[in-house]
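The structure appears right after this line, and notes come after that.
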Amino acid sequence: MARGGGPPLRRLLLLLLQLLALPAGRGNRTGPDSLYVSEYFSQSAQKLSFYSWYGNAKLFHFHVPEDTVLLRWLLQASRGKGPECTSMEITVHFRYGAPPVINPLGTRFPVNATVRPSYNISITLSSAAQNTTFVNITTPAAGDWFIAAHLPEAAGRIEVKGFSTPCPYMFQADMFVLRLTDMPVLEPGVAVPQTVVSPAKPLHVKVFIPKHAARMQFELQSCVTSEQKACAVRVVLGSITLPQSFQRIITCTGSINCSLALDSPPWEKWLQIMVESLGAANASVSVEMLASFTACRPGSTSSFLNFSSLNQSQTGPRPGSTGAAGSPTLSTGEASRNMSHQRSFCLQNQPVVREDLDVVSVRYRLLNGHSVPVHSISPTLLLLNLNTGMDSGGSLVVSLLLNKTSVNLANATVVACVSAASPVLSLNATQNCSTAFFQGYPLSVSTSSAEAMLIVLYPQTDDWFLSLQLICSKGQGECNAAEAKVTIFAYLTPCFNDCGPYGQCSLLRRHGYLYAGCSCKAGWGGWSCTDDTKAQSVGAQNLATLLLTLSNLMFLPAIAVAVYRYYLVEASVYTYTMFFSTFYHACDQPGVAVMCIMDYDTLQYCDFLGSVVSIWVTILCMSRVKKILKYVLFVLGTLLIAMSLQLDRRGVWNMMGPCLFALTVMIAAWVYHGVKRRHCYPSSWKRWVFYLLPGITLAFIAISVYAFMETNENYYYTHSIWHMLVASSVAFLLPPRDKHKKPWAWSQKLTCRYQICQNDREELYAVT
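For the sequence shown, our numbering begins at 560 and goes up steadily by one.
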């Protein structure tokens, strides 16, 4: 992220400030001495891709500063000017706190995954080569904001690099913010007088919410206009977050005082409050604002510095295993003392240690063991720290396992809630998993359903809380003396279940920000490659592997022909190509039908090298140049091909370049032979009709299939056809052996050896 500078950016900034119709210096939006600062942030443009998995979406990461009262996105999309460029629709997603969770393909998400639709807009590039779109957000939440842009679903066609020129579609996002540098601050319990100058200039104030605040009471007192009439104002508490915004709005009309209560406000954060006048345009409004808090007294079951727990083994029972660790049920006397002790606290803290394992990989360890006690008097609270700024690119997994032996009530249920910014402190009263500005994720376990799991995809950067409480269906009095033991496993992972057997977890990067995504294979789809709607069966996977590997056996006739005609170097190259192509495609397959005899990258390189060198030596062999020149070209060409493949393995000129040069050498050699012999070369019409023309036809069909017909769906049989056609064409195109070369005749050679031995014996007999 870079702040704009230089004359072009300054001109653009001034233009957009005029569009904002807001002052860039001192003004009277909040008061006569209010100071606004406008800032501009920009990132480099990115080339968009057609969507097939999350890695195709281009991500932009911005940070909105504190006290921002207005945000404007400038979205610029453009396309090339070539004939291949057509009208295109670009989808742009927005989200606060984490990358957007999107699903353009309509696939299924993993079971137990929470999905909330992202906020998105569409930008259409039709006749115009450029499109500029503005998106305004008033009172945005401070912190990380993400934008993801992509083209429609990919067609699935495999394009050979160099055969076609795709149209470039570019996208760039710029951010403009207007920040209030001297925003008034409300002190808890102190009524602060303020003035709303006019309806066009709302009042902005903020208040800091302390930790362990259970409730906030906001009051608007002594609200009168400059004409000494009852005021009409609109009060907005909180900031806008996307895709969902939970701003609280109250309208005070015709009354002097009004108030609003917020349960579980966000801890240790600034809460922005905006007051708008609904009265006459030239009338100011005078108000007194009062913010008060109700504190929650936390309790803790043990000291945080439990060193013995830190030294415990990090291995433990996983969810789904038989049994669960937990202490036995408390006696009646102990339960009564524990209950009276808990009544003085509104929550029970459980100490949690954050253990960083790798990039976007965190494990949370409970110092008192995996099993925690849960009661009905007050909720049990666990803090899951995800506020480093680098944790939002993975998946947060929370697993609960109830120890059935610890609950002596058949109708008791442990209700849990996972929320961000602040915990839910009243599960026993409302059973509603929501805070003042966040809708949490509910969980529950009971004796009939002892396991529960929650997967939060791309959790937003914040402090997350897990609240648990015991609830009885016939009333809480029944649960007062009860205690439940719940085993908790919480961790952050780049990809849930490592994308399964049919996916690959890839770590993606945008500047210094890292996030993960799943790339699925074998027809599987979905966020974690769990959607089997279009999945290939195991039989289809085996068939694909057999076709792609056994089709290379068509090189055996070419090898036999080369050996028969004394082209031993060429036969060695064909053998090399057949071997590595077979095992490369055996390793390249998705799913279960996979066998890798060495590193995948090595197999791929050897396969590509063998394919190009096979074409190279075949065409040079057809040219009939002198042997010394032919072998020099063999070695020199192979070295150059190896170098070019290392530079760009999939470039079309890595194959076309050697082919064209070899064809040039062959045509020059044939012309030389034809001029020297004064007739067409090769001179035999049978050679043209039965060998050259069929071989050339097979080669052209193979190139057409390889370059223009392959898609992701038909790859396994179109590429197998390519193998068979190329191998067959080699057998036809190899020239006949030299005239001075005699055919292989093993029987005659063996007879000759026996005859020589017989003659020697006769000679020795004669001497004797």
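Virtual Cβ for every residue (Gly too), placed ideally from N, Cα, C.
Query, Result
"Anyone know if the C-beta pair for Lys-617 and Ala-713 falls short of 8 Å?", "no"
"Ends of the alpha helix (DSSP H) at Ala-1103?", "1097-1109"
"For a test of the three-state rule: what should DSSP assign to Val-846, helix, strand or coil?", "strand"
"Report the rounded CA-to-CA distance for Phe-904 versus Ser-823, giving the unit in angstroms.", "16 Å"
"Whose CA, out of Phe-1055, Gly-1076 and Met-1154, lies closest to the CA of Gln-1100?", "Met-1154"
"Do Asp-1022 and Ala-980 come within 8 Å of each other at the CB atom, strictly closer than that value?", "yes"
"So Leu-906 and Pro-938 are supposed to be a Cβ contact under 8 Å. How far apart are they, rounded?", "5 Å"
"What is the residue span of the alpha helix (DSSP H) that Leu-1179 lies within?", "1159-1182"
"Which whole-angstrom value is the C-beta distance of Ser-1096 and Gly-1059, which I expect to be below 8 Å?", "16 Å between Cβ atoms; not a contact."
"Considering only the beta carbon of each residue, do Leu-821 and Val-792 sit closer than 8 Å?", "no"
"Can you name, in chain order, every residue of its own chain whose Cβ lies under 6 Å from the Cβ of Phe-767, other than the five neighbours on each side?", "Trp-829"
"Using only CA atoms, which one of Ser-677, Tyr-1143, Ile-1014 and Leu-1206 lies nearest to Pro-802?", "Ser-677"
"Looking only at its chain, what residues have a beta carbon closer than 6 Å to the beta carbon of Ala-1117, apart from the 5 residues adjacent to it on each side?", "Tyr-1133, Ala-1286, Val-1289 and Ala-1290"
"Any contact of the segment 665-674 with the segment 770-781, i.e. 3+ C-beta pairs under 8 Å?", "no"
"Determine the closest residue to Val-755 out of Ala-840, Val-628, Glu-746 and His-620, with distance taken between C-alpha atoms.", "Ala-840"
"May I have the straight-line CA-CA distance separating Ser-1140 from Val-956, to the nearest angstrom?", "41 Å"
"Rounded to whole angstroms, what's the CA-CA distance from Gly-586 to Pro-725? Just pull it up for me.", "Residue placement at Gly-586 is poorly supported in this model, since its pLDDT is 38, which falls under 50; the coordinates still yield a value, given next. The straight-line gap from Cα to Cα measures roughly 50 Å."
"Whose CA, out of Gln-806, Met-1215 and Glu-1272, lies closest to the CA of Phe-997?", "Gln-806"
"Okay, do the segment 1246-1257 and the segment 1206-1214 touch, 3+ Cβ pairs below 8 Å being the bar?", "no"
"So, for Thr-1052: in the same chain, excluding its five sequence neighbours on each side, which residues have a beta-carbon less than 7 Å away from its beta-carbon?", "Ser-920, Gly-953, Ser-954 and Val-956"
"Output the distance between the C-alpha atoms of Ser-895 and Ala-1040, rounded to the nearest integer angstrom.", "For Ser-895, the pLDDT reaches just 46, beneath the cut-off of 50, and the residue's location in the model is therefore unreliable, although a value from the coordinates is still provided. Taking the straight line from one Cα to the other gives about 7 Å."
"The alpha helix (DSSP H) that contains Val-1230, what's its start and end?", "1212-1236"
"For a test of the three-state rule: what should DSSP assign to Arg-1246, helix, strand or coil?", "helix"
"Compute the Euclidean distance between the alpha carbons of Met-554 and Leu-630, then round it to the nearest angstrom.", "This structure gives no information on residue 554, because the portion of the chain shown stretches from 560 to 1327."
"Give me the Cα-Cα distance between Thr-691 and Gln-635, rounded to the nearest whole angstrom.", "5 Å"
"Take Ala-672 as the anchor and find which of Cys-1165, Ser-958 and Lys-1044 has the nearest alpha-carbon.", "Ser-958"
"Does DSSP classify Ala-979 as helix, strand or coil?", "strand"
"Alpha carbon to alpha carbon, what distance is there between Gly-715 and Trp-612?", "12 Å"
"Shortest alpha-carbon distance to Asn-1160 belongs to which of Pro-1018, Leu-1204 and Leu-1195?", "Per the sequence shown, residue 1160 should be read as Asp rather than Asn. Considering only alpha carbons, the answer is Leu-1204."
"So, are the CB atoms of Tyr-728 and Lys-606 less than 8 Å apart?", "yes"
"DSSP on Leu-926, reduced to helix/strand/coil?", "coil"
"How far does the alpha helix (DSSP H) with Trp-1281 in it extend, from its first residue to its last?", "1274-1292"
"Is Ala-1049 near the ligand ATP, in the sense that its beta carbon is under 7 Å from a heavy atom of that ligand?", "Although the ligand ATP was asked about, the structure shown includes no ligands whatsoever."
"Just tell me which of Val-736, Arg-913 and Glu-648 has its CA closest to the CA of His-622.", "Val-736"
"Using only CA atoms, which one of Pro-642, Lys-765 and Ala-657 lies nearest to Val-628?", "Lys-765"
"Whole angstroms is fine: what's the gap from Thr-853's alpha carbon to Ala-772's?", "6 Å"
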